[in-house]
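Using this note's numbering, read the sequence shown as starting at 38 and increasing by one per residue. Beta carbons: idealized from backbone N, C-alpha and C, even for Gly. What follows is a single structure, written as structure tokens, with notes after it.
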Amino acid sequence: TRLLRTLQSGKIRRVGGRQEIAVHVRIIAATNKDLGAMIGAGTFREDLFYRLNVVPIELPPLRERKDDIGELSLHFLAKAAEDGLPRRTLAKDAVKALSQRIWPGNVRELRNVIYRLSLISRDDEIDAAAVRSIIGDAAAKKDQSDEEGFYRALDQWLAINPVGKGVLYKQALAAFEKPLFEHALAETGGNQLRAAELLGINRNTLRKRLGELAINPDRFNGPL
């Protein structure tokens, strides 16, 4: 509430103070939570969201930026050397092995793996065998069932999202609906009619849920 008041008025009042002080600041906010789902569940203020959401920048997860893995790995190798770990290089097959992983822990997980490789690698050049010794054979893990993958995603979501009594179904449904709808829009170039057909729902239902989940379909416009 205090942050929202400051954003609206551009003023603050110190604790115990009587005068309001004008502030001239730019606020950068970041989150790994699904704020659209939280708004739908009533756990995040919608007016605060729109105050903060002036210039949104969405950073896709690492699994959707496979081309960045090589450069990020080299960056973390250099940082590891600066932190006193042995200086290493990265073979091409090592980059390929790293790129096969889904990276559920995102960039932080990649950083930890690179630091671990820097520490325990027996050779100056890290190869694919060394990578597999740390993260396993990603190709061999691809045969896991979709059901197992879904349960794992659900477990991860429950671990980081506090669930209010009596709203678990509503919160979980909203959290998993949003990426599903975004996928459908991406697959259809933002065409809501085709996205609704892909999902097997009515177009009006899709429009209603897009508004409730704060999804802007214009972001997905493009030729198909």
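{"query": "Give, in chain order, every unbroken run of the alpha helix (DSSP H) that is at least 4 residues long and sits entirely within the segment 71-130.", "result": "72-78, 83-89, 106-119"}
{"query": "Going by beta carbon distance, what residues of the same chain come within less than 8 Å of A134, once the five residues before and after it are set aside?", "result": "A165, V168, R169, I172, A175"}
{"query": "Please state whether the Cβ-Cβ distance between A66 and K48 is less than 8 Å.", "result": "no"}
{"query": "Tell me whether L154 is buried or exposed, calling it buried when 16 or more other Cβ atoms sit within 10 Å of its Cβ.", "result": "buried"}
{"query": "Could you give the DSSP three-state label for A232: helix, strand or coil?", "result": "helix"}
{"query": "Within the 8 Å Cβ cut-off, does T80 reach chain C?", "result": "As a matter of chain content, chain C is missing from the structure shown, which is built from one protein chain."}
{"query": "Inspect the beta-carbon positions of D71 and A212 and report whether they are closer than 8 Å.", "result": "yes"}
{"query": "Does DSSP put I157 in a helix, in a strand, or in coil?", "result": "helix"}
{"query": "Quick check on the burial criterion: 16 or more other C-beta atoms within 10 angstroms. Buried or exposed for D180?", "result": "Only weak support is given to the placement of D180: the predicted model assigns it a pLDDT of 47, under 50, and the question is left unresolved by the model."}
{"query": "What's the gap between the Cα of F218 and the Cα of I157?", "result": "43 Å"}
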